[in-house]
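Report on the following structure.
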Amino acid sequence: MHWPIDIIVLTLVIFCAIAALSVKDLLVTAILFGAYSFLMCLLWTIMGAVDVSFTEASVGAGVSTVFFVAAIFRTSRRTKD
Amino acid sequence: MLYGTGEFPNWGDPKSPASLHVSDYYIEKTFEDTGVPNFVTAVVTDYRGFDTMFETAVIFTAGLGCFLLLRDFRGKKEHYYRHVPTGVILHVKDDKKTLKVGSEFEYMDKEWVPPDLINKTVCRILIPFIQIYALYVVAHGDYSPGGGFQGGVIFGSSLILLAISYNLKTLVKRIKEKLLGIFAAVGVLIYAGIAAICMPMGGAFLDYGKLAPLVPGDPHHIRALGMLGVEIGVGIAVMAVMVIIYINIVSEGRHDEGL
């Protein structure tokens, strides 16, 4: 029985995505994208695609969050819109 | 869109179009063909090895693009130095006047904050373990999930952790920019080289089976070894490119100060 976990994680993924789009502070967006990637990685694991989930965990949740934070460090933290 | 998804085949349905044609072949024949227990690695680096080779080339191009767009060789007008015994920070505004960096003075960032002892110590202990794990992931790519891309990214992030926990100069001093560039290129060349060696041995490009006379040992294991070599190439290239991208973004291409 993995249905409930599936649904819970999927809901959290959508919540993270919407929150990342609506938040004004870009640093928060970067961290939310990290959380989004990690939840996606859980979702891949639930579906049995362990290779994909490994890539998502290392690239999506790990390095790309660091790149976002580095880019924000050198630009501005507030969005214009 | 939601209405359309109702027509989709169920998840894991054996009758869905995606699992009807080639999946059976891979599941039944992969171990026989290649001797590799992990189908995903076998498909990625053997059956569609061309695709992965150009993926590595794309990663290399990403690093090259980051370098060409962001790298700034002009250097800063102002310099900050720290007098090591007293901790006094000097701000030198004249470009011509430079202090000799050694045991007495050291370079300093503008946004410098003293590295936290706990962060520093924890990262110093963690980094070797992360690197060992990255090597494990690369080496076991054909037995367990993971492979060159993941291992390379993990190794690269361990180096990025060094830059974050100390400062960027510590990383740049240990790993020169030139070395990173060479690593990125060598990784792609290892992949292409292993693939190209197959051709004079009488096979097609990327036909690892033909490498058997070159490597002592069980000839049934040769495809797994070929994949391992290719994964190592991918790992080296990805590691170097991740560090190149990080350094260039965080220091605005000047490689002097940053996060």
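Sequence lines, in order, name chains G and W. Each residue of the first sequence is one higher than the one before, starting from 115 at the first, in my numbering. Each residue of the second sequence is one higher than the one before, starting from 507 at the first, in my numbering. Virtual Cβ for every residue (Gly too), placed ideally from N, Cα, C. Computed from a predicted model, the values in this text were never measured in an experiment.
* Contact belief for Y714/W with D552/W at Cβ below 8 Å, rounded distance in angstroms -> 7 Å
* Check each candidate in G148/G, V123/G and I122/G and name the one with the smallest Cα separation from A134/G. => G148/G
* Less than 8 Å between the CB atoms is what I'm expecting for I742/W and G569/W, so what's the real figure, rounded? => The pair is not a contact, with the Cβ atoms about 12 Å apart (cut-off 8 Å).
* What residue range is occupied by the uninterrupted alpha helix (DSSP H) comprising V137/G? -> First-last for V137/G: undefined, no H or E at that position.
* Which two residues bound the contiguous beta strand (DSSP E) that contains L596/W? -> I595 to V598
* Going along the stretch 645 to 669 of chain W in order, which residues come within less than 8 Å of chain G, judged by CB to CB distance? -> P651, G652, G653, F655, Q656, V659, I660, G662, S663 and I666
* Rounded separation between G555/W and V659/W - CA only -> 20 Å
* Taking G162/G as the reference, which of D578/W, G518/W, F573/W and L526/W has the closest Cα? -> G518/W
* Distance, L731/W Cα to D648/W Cα -> 9 Å
* Where F611/W falls: helix, strand or coil (DSSP) -> strand
* Asked: How about the stretch 703 to 717 of chain W and the stretch 526 to 535 of chain W: do they share at least three Cβ pairs that are nearer than 8 Å?
  -> no
* Measure the alpha-carbon distance for A690/W versus M745/W and round it to whole angstroms. => 8 Å
* Under 9 Å by beta carbon: chain G residues contacting V546/W -> A163, V164, D165 and V166
* Is there at least one non-hydrogen atom of the ligand ZN closer than 7 Å to the beta-carbon of K535/W? -> The ligand ZN is not among the ligands present in this structure, which contains no ligands whatsoever.
* Residue-level contact to chain G via CB, I751/W, 8 Å cutoff -> yes
* What does T169/G reach in chain W if we use C-beta pairs closer than 7 Å? -> F655 and Q656
* Residue span of the beta strand (DSSP E) that contains Y587/W, given as start and end -> H585 to H589
* **Residues bridged to R192/G [DSSP beta-bridge criterion]** => D139/G
* For D578/W and G759/W, the rounded distance between their alpha carbons -> 5 Å
* Report yes if the C-beta distance between S609/W and A640/W is below 8 Å; otherwise report no. => no
* Mind listing, in chain order, the continuous alpha helix (DSSP H) runs of no fewer than 4 residues lying wholly within the stretch 670 to 744 of chain W? => 674 to 680 and 683 to 703
* Look at the alpha carbon of I681/W and the alpha carbon of A185/G, and state the distance between them as a whole number of angstroms. => 22 Å
* **Interface flag, M707/W vs chain G, CB-CB below 8 Å** => no
* Looking at the structure shown, is D165/G part of a helix, part of a strand, or coil, going by DSSP? -> helix
* To do: Quick one: give me the first and last residue of the alpha helix (DSSP H) that K626/W is part of.
  => L623 to A645
* Asked: Comparing alpha-carbon positions, which option in E584/W, D557/W, N625/W and L623/W lies nearest R763/W?
  -> Checking the displayed sequence, the identity of residue 763/W turns out to be Glu instead of Arg. Nearest option by C-alpha distance: E584/W.
* Asked: Should F514/W be labelled buried (16 or more other beta-carbon atoms within 10 Å of its own) or exposed?
  -> exposed
* Shorter than 8 Å from the beta carbon of V199/G to some beta carbon of chain W? -> Since the displayed chain G opens at 115 and closes at 195, residue 199/G lies outside it and no answer follows.
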